Every structure is written in structure tokens, then in C-alpha cells.
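Per the numbering used here: the sequence shown ends with 155, consecutive numbering throughout.
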Amino acid sequence: MGLFSFGKKKKKPARSCDLEGSLLEFGEGYLLTSAQIIKSKRFWDNKMIEPETLAYSKAHFQRNDEMGTKMRTMIFQKYSSQEKPWLLGDGQVSQFEIDKEQAKEYARQWWESSFSFTPPSAGAAEKNMDAEEYEKWRDYAINKAGEEQLSKMK
2 MGLFSFGKKK KKPARSCDLE GSLLEFGEGY LLTSAQIIKS KRFWDNKMIE
52 PETLAYSKAH FQRNDEMGTK MRTMIFQKYS SQEKPWLLGD GQVSQFEIDK
102 EQAKEYARQW WESSFSFTPP SAGAAEKNMD AEEYEKWRDY AINKAGEEQL
152 SKMK
């Protein structure tokens, strides 16, 4: 024990939102699986027109560019293949059609287990979804997400 730590409470850990980096204090947030993350048109439409991804989407839609499509595929893979659950804050969870109370409870269990709790169906989305549903979301994310928003930006 350090000289100055006497009488101080041990500080609870904090973590950042896995989607946008805002700081979450012990017990806060929502815990989602990769399958829940990829099943959101709103998420994909936002993701594919962010400053970091906009050029790929423009290349994909406006020039039918193979590299743009390939990068969009890699972005989809990043979100669909994550094995660990996703911790989200209040600002991000509204993009997803989930049981928010359940996701909040899973987050509480995750914090209390020192980050070892995993909700049911955690892991890569492809392993936890019906093949047809997975392909539907994969196709949307890669080939369609952001197209409508991009057409309004012209």
C-alpha cells in the first residue's frame, strides 16, 4: 500500500464506448453481441457515410469501384466477426432495435464480473445467426448502406 493511499477508496474502472469512444463509468452502458450490431440499417447507413468511410462509399456507388466495395466489405467484417461483446453508451444504443433493459442488465453483469461475462449468442455474428439472415445484413451493409444519404449530399 502506498503512503498516500490510506483511507482512499479504490477507484472503479471506466471503459470507453466501443463505437465512438465516450467514457463509461463502472456499471454504465449496454452490452450487445456482434449479431445485434450488424442487424441495424441505421447503424450501417451512419457508418458508411462517416468521414473515415465516405470515400469508399462514394467509390462504390458513384464509380462502381472494386476497391471501394472491398473496403466496405472489410468494414462489415470488422463489426460482424468480433468475438467479445460490444459496450455501448446512451448516445449509440438508439441505433439498434434491441431489448435495452436486457442489454443494460448484461452490461451490469459484465462490469461486476470484471469484464468476463458474455451474453448469450456472443461471438462472431455468422456463427450466431441464421445463414440467410446473416447474408441479408451482409448484403445491405456492403452493397446498399448509405446510398440514400449519399444521394442527398450531392
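Heads up, the beta-carbon is just placed ideally off N, CA and C, and yes, glycines get one too. All values derive from a computational prediction rather than experimental measurement.
From the DSSP output, in three-state form, read off S17 for me. strand
Run the CB neighbour count on L24, radius 10 Å, all protein chains shown included, and call it buried at 16 or more, exposed below. exposed
If distances are taken between C-alpha atoms only, which option among L55, N129 and E133 comes closest to I38? N129
Y57 lies in the alpha helix (DSSP H); which residues open and close that run? L55 to Q63
Quick one: what's L1 bridged to in DSSP? This structure does not reach residue 1, given that the chain is present from 2 up to 155, and the question cannot be answered.
Quick one: using the 10 Å Cβ neighbour count with 16 as the cut-off for buried, is M49 buried or exposed? buried
Please report the straight-line C-alpha distance between S58 and M72, rounded to a whole angstrom. 9 Å
The alpha helix (DSSP H) that contains D66, what's its start and end? Taken as a continuous stretch (DSSP letters only), D66 belongs to no alpha helix (DSSP H), as it is neither H nor E.
Are the CB atoms of A125 and S82 within a distance shorter than 8 Å? yes
Can you name, in chain order, every residue of its own chain whose Cβ lies under 7 Å from the Cβ of R16, other than the five neighbours on each side? L25 and L88
Buried versus exposed, by CB contacts within 10 Å (16 or more), S41: buried
Can you have a look at S95 and say buried or exposed, based on whether 16 or more other CB atoms are within 10 angstroms of its CB? exposed
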